[in-house]
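Asks:
In our numbering, the protein residues as written are 22 to 106.
(1) Check each candidate in 35, 32, 75, 28 and name the one with the smallest Cα separation from residue 97.
(2) Which of the three DSSP states, helix, strand or coil, is assigned to residue 107?
(3) Per DSSP, what kind of secondary structure is residue 88 in: helix, strand or coil?
(4) Would you kindly work out how many angstroms separate the C-alpha atoms of residue 29 and residue 40, rounded to a whole number?
(5) Check residue 27 in the structure and name its three-state DSSP category.
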């Protein structure tokens with residue numbers, strides 16, 4: 022998220038946290054793909070970035086006051102795009 026130079030340390034810490042989260046999810050999706058729990062050809066890196074972008078975006082929306090019903094609707098819409106097994 023945007024921050025001034027005075028907030029650079031916190032911004033960098035949060036960016037590292039988000040990137041670490043994405044890497045952990047990617048590792049899990051890679052294992053799922055290897056075990057046949059995701060369709061052949063699924064790119065674990067792209068899927069992990071999609072999930073983290075959605076999750077962090079929903080968090081920003083929630084912090085901005087979007088109601089729970091709308092947040093659930095966003096999550097439901099995302100699940101409809103989930104790769105079938």
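Glycine included, every Cβ here is placed at the ideal spot set by N, Cα and C.
Replies: In short:
(1) To locate residue 97, count along the chain shown from 1; it is residue 76. Residue 97 has its Cα closest to that of 75, out of 35, 32, 75, 28.
(2) The requested residue 107 is not part of the displayed model; the chain covers only 22 to 106.
(3) Here residue 88 corresponds to residue number 67 of the chain shown, with the count starting at 1. Three-state DSSP puts residue 88 in coil, outside helix and strand.
(4) Looking up residue 29 in the chain shown gives position 8. Looking up residue 40 in the chain shown gives position 19. Spanning the two alpha carbons is a distance of roughly 16 Å.
(5) Start at 1 with the first residue of the chain shown, and residue 27 comes out as number 6. Reduced to three states, the DSSP call for residue 27 is helix.
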